[in-house]
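In what follows, a single structure is set out as structure tokens and then discussed.
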Amino acid sequence: MQEFPKLFIPGPTHVPSEILEVLSTPQIGHRTPEISSLIDFIIKGIQKILYTKNHIYLVSHAATGLWEMGTKNSVQKGILHCSNGAFSSKWALSSKKNGFKTRNIEYEWGKAVKVDEIDKLLKTGQYDVLAMVHNETSTGVMSDLDAISTLLKNKYPSVVWLVDAVSSMAGIKIDVDRLGIDFLLSSTQKAWGLPAGFSVCSVSNKLIEKSKTLSNKGYFLDIEVYEKYYLKLQTPTTPSIPHMFGLKKIIELIELEGIENRWKRHIELSEHTIKWARNHGQELFPDKGCHSFTLTCLKNIQNWDIDKINEELLNKGFRMDRGYGNLKGKVFRIPHMGNIYKKDLEEYLTTIDDIICKLNY
Ligand code: PLP
Numbered sequence: 002m003q004e005f006p007k008l009f010i011p012g013p014t015h016v017p018s019e020i021l022e023v024l025s026t027p028q029i030g031h032r033t034p035e036i037s038s039l040i041d042f043i044i045k046g047i048q049k050i051l052y053t054k055n056h057i058y059l060v061s062h063a064a065t066g067l068w069e070m071g072t073k074n075s076v077q078k079g080i081l082h083c084s085n086g087a088f089s090s091k092w093a094l095s096s097k098k099n100g101f102k103t104r105n106i107e108y109e110w111g112k113a114v115k116v117d118e119i120d121k122l123l124k125t126g127q128y129d130v131l132a133m134v135h136n137e138t139s140t141g142v143m144s145d146l147d148a149i150s151t152l153l154k155n156k157y158p159s160v161v162w163l164v165d166a167v168s169s170m171a172g173i174k175i176d177v178d179r180l181g182i183d184f185l186l187s188s189t190q191k192a193w194g195l196p197a198g199f200s201v202c203s204v205s206n207k208l209i210e211k212s213k214t215l216s217n218k219g220y221f222l223d224i225e226v227y228e229k230y231y232l233k234l235q236t237p238t239t240p241s242i243p244h245m246f247g248l249k250k251i252i253e254l255i256e257l258e259g260i261e262n263r264w265k266r267h268i269e270l271s272e273h274t275i276k277w278a279r280n281h282g283q284e285l286f287p288d289k290g291c292h293s294f295t296l297t298c299l300k301n302i303q304n305w306d307i308d309k310i311n312e313e314l315l316n317k318g319f320r321m322d323r324g325y326g327n328l329k330g331k332v333f334r335i336p337h338m339g340n341i342y343k344k345d346l347e348e349y350l351t352t353i354d355d356i357i358c359k360l361n362y
């Protein structure tokens, strides 16, 4: 098989061969007892990982489609978006393009989502849905879900809370039921450590009930349709069965590693990367206290020739990141999630060390 560089980009992330092999398990029918027992295993596994009793839908497309599942099934009056990077901005754009009354709080990139402005705007009563990205992959910023949860529980219990956890789910602890998140979504190519093209979400009762009151939701993303098949342990359309075998394998690996150990590993890898960066005189892009545990976004204040480093890394078998969206060329990101363990990260950072030494930095 052709060898490609080992991925050190924040998605798709590295998938080792023992996981790739599982994806070629022979197919099973999508209306059979076999698939129902596979789905049952995956749902129970994800519920444990997300600390929730909420329903888990398995979805055979990218997470971007789940942004629209969330909004189409919840927005009646208007939606309040919090944009602090490329993905949160794109989600707000998707709401606008869907024709929803959309208000967007724009934070400077590098900053986390804060409660004050949300509170001020929810107070107007014009918005019945709040949407935000937990871990902004473009900036490496992780926002504090606890603070927002407290605000919503205390002052706006009827507001539906949609959270994108594309680059945090399965890498960072998210206690869904305690926080009261109505819709938490992710695709599989980041901290789940699987190929792209498949997504999962947890859906609260409140959202399921709200969906029933809305019309013009279309068919493909209608929660009422999903719910009907969920109750039969099936999916509405023919799913990507290889991804389901992959998810089963990852859930088994998470159980073997121990869920708390998994959260700890991601924090430790983040600390290790930050220490490495500071030893080289580089600085974090995110504001103090809001850096992600699954990827580290660095300002290139040492003016390293990132394109040259990229070239050298490719020669050594690694694919690096050189920034995303408005930050392309200004930052570089080091992912440390999913199937990346300490030895993988050390190998990568040591290779960069060798390169920067060669380049006389
Ligand atoms: N949200 C965030 C935070 C992301 O990082 C990404 C992709 O990188 C997406 C959404 C879009 O995910 P997908 O490509 O699965 O639609």
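Its first residue numbered 2, the sequence shown is counted upward by one per residue in this note's numbering. For each residue, glycine too, the CB sits at the ideal point set by N, CA and C.
Straight-line gap, residue i to residue j (C-alpha atoms, nearest Å)
{"i": "L270", "j": "V332", "result": "19 Å"}
{"i": "V114", "j": "R32", "result": "42 Å"}
{"i": "F42", "j": "G219", "result": "29 Å"}
{"i": "R104", "j": "T72", "result": "13 Å"}
{"i": "D345", "j": "L360", "result": "23 Å"}
{"i": "L315", "j": "K121", "result": "48 Å"}
{"i": "G318", "j": "E312", "result": "10 Å"}
{"i": "F88", "j": "L232", "result": "32 Å"}
{"i": "Y230", "j": "I302", "result": "52 Å"}
{"i": "S203", "j": "P6", "result": "33 Å"}
{"i": "A171", "j": "G100", "result": "32 Å"}
{"i": "C83", "j": "I106", "result": "5 Å"}
When the options are compared against residue i, the one with the closest alpha-carbon
{"i": "I10", "options": "Q190, N55, I119", "result": "Q190"}
{"i": "K174", "options": "Y157, F246, G259, I119", "result": "G259"}
{"i": "P243", "options": "L195, K265, L299, T274", "result": "L195"}
{"i": "V116", "options": "G79, S150, N340, W305", "result": "S150"}
{"i": "E109", "options": "P240, H267, N85", "result": "N85"}
{"i": "I251", "options": "K156, S61, K300, W193", "result": "W193"}
{"i": "L81", "options": "K249, A132, N99", "result": "A132"}
{"i": "E19", "options": "A148, K54, F246, N304", "result": "F246"}
{"i": "G30", "options": "L254, E284, T238", "result": "T238"}
For residue j and residue i, believed in contact at Cβ under 8 Å, the rounded distance
{"i": "S95", "j": "E69", "result": "6 Å"}
{"i": "H15", "j": "L24", "result": "Their Cβ separation, rounded to whole angstroms, is 14 Å, which puts H15 and L24 out of contact at 8 Å."}
{"i": "V142", "j": "S293", "result": "7 Å"}
{"i": "D183", "j": "V201", "result": "Actually they do not touch by this definition, with Cβ atoms about 15 Å apart."}
{"i": "Y325", "j": "S188", "result": "Actually they are not in contact, since the Cβ atoms of Y325 and S188 sit about 16 Å apart, beyond 8 Å."}
Where residue i sits in the DSSP three-state scheme
{"i": "P11", "result": "coil"}
{"i": "V16", "result": "coil"}
{"i": "M170", "result": "coil"}
{"i": "C358", "result": "helix"}
{"i": "P183", "result": "Correcting the residue identity first, residue 183 is Asp in this sequence and not Pro. Three-state result, D183: coil."}
{"i": "W110", "result": "coil"}
{"i": "A64", "result": "helix"}
{"i": "E137", "result": "strand"}
{"i": "F101", "result": "coil"}
{"i": "L24", "result": "coil"}
{"i": "S84", "result": "strand"}
{"i": "D145", "result": "coil"}
Inset, instruction - Tell me the start and end of each unbroken alpha helix (DSSP H) in the stretch 247 to 321 that is at least 4 residues and wholly inside, in chain order. - result: Whole alpha helix (DSSP H) segments, 4+ residues: 260 to 280, 307 to 316.
Inset, instruction - Let me know the alpha helix (DSSP H) ranges lying completely inside the stretch 183 to 239, each 4 residues or longer, listed in chain order. - result: Fully enclosed alpha helix (DSSP H) runs of 4 or longer: 206 to 213, 224 to 231.
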